[in-house]
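Chemist: I am attaching a structure below and will ask some questions about it afterwards.
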Amino acid sequence: MKKLVIFDLDGTLAKSKSAIDAEMAALLGQLLTVAQVAVISGGDWPQFEKQFLANLPAGDRFDRLHLLPTCGTKFFHFDGGNWVPVYREDLSAEDKQRIVAALEAAFEQAGFKPERIWGERIEDRGSQITMSALGQEAPLEAKHSWDPDFKKRTILKTYLDKSIPDFSVRMGGATSIDVTRQGIDKAYGIAKLRDRLGIAIEEMIFAGDALFPGGNDYAAKEAGVDSIRVRDPEETKRVIETIIACLG
Numbered sequence: 111m112k113k114l115v116i117f118d119l120d121g122t123l124a125k126s127k128s129a130i131d132a133e134m135a136a137l138l139g140q141l142l143t144v145a146q147v148a149v150i151s152g153g154d155w156p157q158f159e160k161q162f163l164a165n166l167p168a169g170d171r172f173d174r175l176h177l178l179p180t181c182g183t184k185f186f187h188f189d190g191g192n193w194v195p196v197y198r199e200d201l202s203a204e205d206k207q208r209i210v211a212a213l214e215a216a217f218e219q220a221g222f223k224p225e226r227i228w229g230e231r232i233e234d235r236g237s238q239i240t241m242s243a244l245g246q247e248a249p250l251e252a253k254h255s256w257d258p259d260f261k262k263r264t265i266l267k268t269y270l271d272k273s274i275p276d277f278s279v280r281m282g283g284a285t286s287i288d289v290t291r292q293g294i295d296k297a298y299g300i301a302k303l304r305d306r307l308g309i310a311i312e313e314m315i316f317a318g319d320a321l322f323p324g325g326n327d328y329a330a331k332e333a334g335v336d337s338i339r340v341r342d343p344e345e346t347k348r349v350i351e352t353i354i355a356c357l358g
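In the working numbering, the protein residues as written are 111 to 358.
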């Protein structure tokens with residue numbers, strides 16, 4: 111019997127940088143009545159507020175909802191009517207400089223200069239540095255066509271694994287690469303959930319779209335959590351319906 115259902119956000123619960131839709135919000139509301147729910151994503155806290163929390167229906171059991179931005183390097187829980195950070199694994203200023211320099215060098219060496227960039231390309235998320243190849247504000251059509259098979263980012267990751275081997279490099283979203291401290295990833299967040307909630311790994315289930323070696327969801331699978339790879343939010347909805355039917 112599963113007690114905790116864990117989701118990735120972008121590409122799993124919602125399209126990249128887009129809000130969860132009304133059907134997804136309603137299903138998550140139903141799921142919260144039969145299980146605890148966690149969301150672990152490469153996105154930062156403001157993205158969680160805009161993309162996820164703002165669209166959940168009123169009356170949801172937020173005491174049963176656990177949010178872990180930036181691949182689990184941050185953990186928020188609901189307390190006294192507010193979302194409160196449990197921990198933050200922020201990078202030092204020196205580490206951030208090294209990571210940004212390595213990302214820029216890898217992009218240059220790989221020769222993946224896009225014709226156009228929309229907004230900021232490298233973002234400091236405190237506990238994580240994220241590179242969005244086409245920029246943070248790129249339209250979905252451009253994102254989906256740039257690296258649909260992850261081949262470009264696999265090459266970039268190869269460069270980065272050599273240049274900053276003491277950091278964890280993961281691919282996520284449609285065009286992004288997430289860099290955190292070594293050992294601070296979604297497996298770390300799952301361990302925190304286990305310890306805080308008293309829920310065993312075998313009592314958890316994870317759903318994500320990047321459950322492959324190098325993907326930013328793969329650490330969840332490596333942590334031993336039963337995992338379901340989904341293609342998109344529509345498939346995730348069917349997974350949620352099945353879980354509700356089984357647990358309800």
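All residues carry an ideal CB built from backbone N, CA and C; glycine is no exception.
Note that the structure is predicted; figures quoted are calculated from it, not measured.
Look at the Cβ atom of glycine 358, then the Cβ atom of valine 144, and state whether they are nearer than 8 Å.
Modeler: Yes. Within cutoff.
Chemist: Since I believe valine 335 is in contact with isoleucine 315 (beta carbons under 8 Å), could you give me their beta-carbon distance rounded to a whole number of angstroms?
Modeler: With 8 Å as the limit, isoleucine 315 and valine 335 qualify as a contact, their Cβ atoms being about 7 Å apart.
Chemist: Confirm, please, whether the CB-CB distance from threonine 290 to glutamine 246 is below 8 Å.
Modeler: Their beta carbons are not under 8 Å apart, which means glutamine 246 does not touch threonine 290 by this criterion.
Chemist: Going by DSSP in three states, glycine 139 sits in which element: helix, strand or coil?
Modeler: In the structure shown, glycine 139 sits in a helix (DSSP, three-state: H, G or I).
Chemist: Which residue marks the beginning of the beta strand (DSSP E) containing lysine 184, and which one marks its end?
Modeler: Where lysine 184 is concerned, the enclosing beta strand (DSSP E) stretches over 184-189.
Chemist: Taking only the alpha-carbon atoms, compute the straight-line gap between glutamate 312 and serine 151 and give it to the nearest angstrom.
Modeler: Each residue's alpha carbon lies about 21 Å from the other.
Chemist: Check serine 242 in the structure and name its three-state DSSP category.
Modeler: Three-state DSSP puts serine 242 in a strand.
Chemist: Output the boundary residues of the beta strand (DSSP E) element that contains leucine 178.
Modeler: Taken as a continuous stretch (DSSP letters only), the beta strand (DSSP E) holding leucine 178 covers 175-178.
Chemist: Who are the near neighbours of threonine 346 in its chain, counting only those whose CB is closer than 8 Å to its CB and skipping five residues on each side?
Modeler: Phe117, Thr122, Leu123, Met134, Ala317 and Val340.
Chemist: Could you pull the start and end residues of the beta strand (DSSP E) that glutamate 233 belongs to?
Modeler: Unbroken beta strand (DSSP E) run through glutamate 233: 232-234.
Chemist: Do you know offhand how far aspartate 200's Cα is from lysine 160's?
Modeler: Spanning the two alpha carbons is a distance of roughly 22 Å.
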